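In this note's numbering, the protein residues as written are 83 to 503.
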């Protein structure tokens with residue numbers, strides 16, 4: 083590995099997230115996004131081209147004269163109205179409490195939305211799960227007002243965590259908030275339906291704010307036939323301004339426009355006001371032209387068409403990837419309910435492929451990128467012991483790329499395993 087100059091005295095060493103780390107390592111070996119020889123099963127974005135049955139992709143936007151100016155920190159009002167209207171249509175028909183534009187705060191990216199929320203928290207205990215999204219680690223460390231409390235989920239139980247478990251953790255650890263991805267990146271575990279309703283009730287009864295990263299909430303594979311495969315905790319909120327539930331989503335995954343960096347937080351007006359205040363000193367707001375271009379993409383018919391196309395295409399890729407990896411010897415604690423990730427245990431593979439970092443390094447020689455599981459062992463401030471990660475035997479395989487790329491990558495991984503034997 084090439085040497086890296088230590089930071090200037092004034093700065094600390096800032097670690098990379100898992101995806102950025104593996105991409106950087108691959109780039110040192112010649113990887114580029116445009117090189118068709120590389121297969122990026124480490125990517126955290128979906129394929130962005132046309133899908134069968136999906137609406138046409140947007141390739142051009144018109145920039146109005148006033149779009150050269152700053153957008154409001156909380157986002158364009160018309161976009162905030164459109165987001166609220168979409169949630170009301172999908173999840174809150176017939177309910178007396180409805181979301182409005184004042185319940186929406188638009189940001190320039192998912193991590194920006196989460197950073198605004200983290201900066202708005204007080205001196206509380208904040209729970210988070212293991213494993214979970216790699217970028218949470220620095221996010222939970224950089225702000226010192228709150229204390230992050232890890233909650234280990236058990237792969238042998240399929241990463242199950244019930245409303246009763248939630249109640250016990252909130253009362254036992256004094257949690258005032260809980261941050262999680264749902265469905266979970268990397269395991270694909272999804273809390274939905276009646277169980278999610280019970281989670282929201284626990285949050286309401288015990289005044290524990292749920293901070294729910296729902297960026298994969300349109301990539302669901304257990305929906306009843308004929309139903310739209312989407313889910314949100316917003317469906318189970320009683321009062322949109324009183325229930326302690328905040329959801330985060332955006333165009334990054336569920337609309338397949340990661341480059342737009344247009345995302346939002348949805349929750350009580352008081353929380354949204356806090357997020358906007360935090361945004362005023364953290365980031366100053368998102369892209370005005372792209373926010374305006376996003377408004378028509380929130381129409382229910384558009385969202386329905388795009389979501390059904392996503393579900394069909396990504397289910398096919400999931401069902402192609404996992405059986406092939408299983409035949410190689412990779413074990414899965416559960417079939418992913420959602421996301422476009424497969425969380426596999428590689429301990430039964432021949433050495434040196436039998437841990438996440440070993441497989442990652444060897445696969446790079448085949449021009450295949452994966453993400454070692456240890457990056458999802460969220461450990462803010464490295465407060466826990468420096469012993470080997472409990473997820474060192476795991477790898478996150480992404481089926482975000484096209485089916486052609488996935489098939490090519492699986493062929494190479496199969497060859498890698500056979501050669502190691």
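Just so it is clear, CB atoms sit at the ideal spot from N, CA and C, and this is done for glycine as well. Model, not experiment: these values are computed from the prediction.
Separation of the CB atoms of residue 496 and residue 410 is rounded to 6 Å, and the pair is thereby assigned contact status at 8 Å. Boundaries of the alpha helix (DSSP H) around residue 218: 218–224. Residue 334 holds the alpha-carbon nearest to the alpha-carbon of residue 376 among 334, 225 and 132. Comparing alpha-carbon positions, the option among 385, 318 and 405 lying closest to residue 176 turns out to be 318. A Cβ-Cβ contact shorter than 9 Å links residue 245 with residue 284. Straight through space, the alpha carbons of residue 448 and residue 207 are spaced by roughly 44 Å. For residue 390, the uninterrupted alpha helix (DSSP H) segment begins and ends at 382–410. Taking the Cα of residue 322 as reference, the smallest distance to any Cα among 103, 336, 351 and 309 is reached at 351. As far as DSSP is concerned, residue 359 takes part in no beta bridge. By the C-beta density criterion, residue 111 is exposed, having fewer than 16 other C-beta atoms within 10 angstroms. Bounds of the alpha helix (DSSP H) holding residue 103 are 100–110.
By the neighbour-count definition (other C-beta atoms within 10 Å, threshold 16), residue 400 is a buried residue. The C-beta separation of residue 134 from residue 482 comes to about 17 Å, leaving the pair out of contact by the 8 Å criterion. One alpha carbon belongs to residue 202, the other to residue 221, and they sit about 12 Å apart.
Scanning its chain for C-beta atoms nearer than 8 Å, with the 5 sequence neighbours on each side dropped, one finds around residue 193 the residues 217 and 221, in chain order. Comparing C-alpha distances from residue 415 to each of 442, 238 and 205 shows the shortest one belongs to 238.
The shortest CA-to-CA distance from residue 100 to any of 502, 268 and 297 is the one to 268.
In the structure shown, the three-state DSSP call for residue 455 is helix. Listed in chain order, the beta strand (DSSP E) elements of length 3 or more contained wholly in the segment 163–222 are 186–189 and 207–212.
Its chain contains 139 and 484 as the residues whose beta carbon lies nearer than 8 Å to that of residue 131, once the 5 sequence neighbours on both sides are disregarded; these appear in chain order.
Comparing C-alpha distances from residue 450 to each of 89, 251, 105 and 94 shows the shortest one belongs to 105.
Spanning the alpha carbons of residue 368 and residue 498 requires a straight line of approximately 44 Å. In the DSSP assignment, residue 331 falls within the unbroken beta strand (DSSP E) covering 327–332. Residue burial is scored here from C-beta neighbours: residue 417 has fewer than 16 other C-beta atoms within 10 angstroms and is therefore classed as exposed.
Pairwise C-beta distances place the segment 302–313 out of contact with the segment 343–358, as fewer than three of them are shorter than 8 Å. Between residue 354 and residue 172, the gap from beta carbon to beta carbon reaches 9 Å or more. Assignment of residue 426 by DSSP, reduced to helix, strand and coil, places it in the strand class. Residue 234 sits exposed, since fewer than 16 C-beta atoms from the chains shown fall within 10 Å of its C-beta. When Cβ pairs closer than 8 Å are counted between the two stretches, the segment 256–263 is seen not to touch the segment 430–437, the count staying below three. Inter-residue distance for residue 145 and residue 373 is about 11 Å (C-alpha atoms, whole angstroms). Within its own chain, the residues whose Cβ lies closer than 7 Å to the Cβ of residue 219, once the five positions on either side in sequence are excluded, are 460, 461 and 462, listed in chain order. Distance from the CA atom of residue 230 to the CA atom of residue 200, rounded to whole angstroms, is 11 Å. Leaving aside the five residues that flank residue 166 on each side, the residues in its chain whose CB is nearer than 7 Å to its CB run, in chain order, 181, 182, 183, 185 and 186. DSSP places residue 414 within a strand segment (E or B) once states are collapsed to three.
A residue is called buried when at least 16 other Cβ atoms come within 10 angstroms of its Cβ; residue 393 meets this threshold and is buried. With respect to the C-alpha of residue 332, the residue from 153, 276 and 190 having the closest C-alpha is 190.
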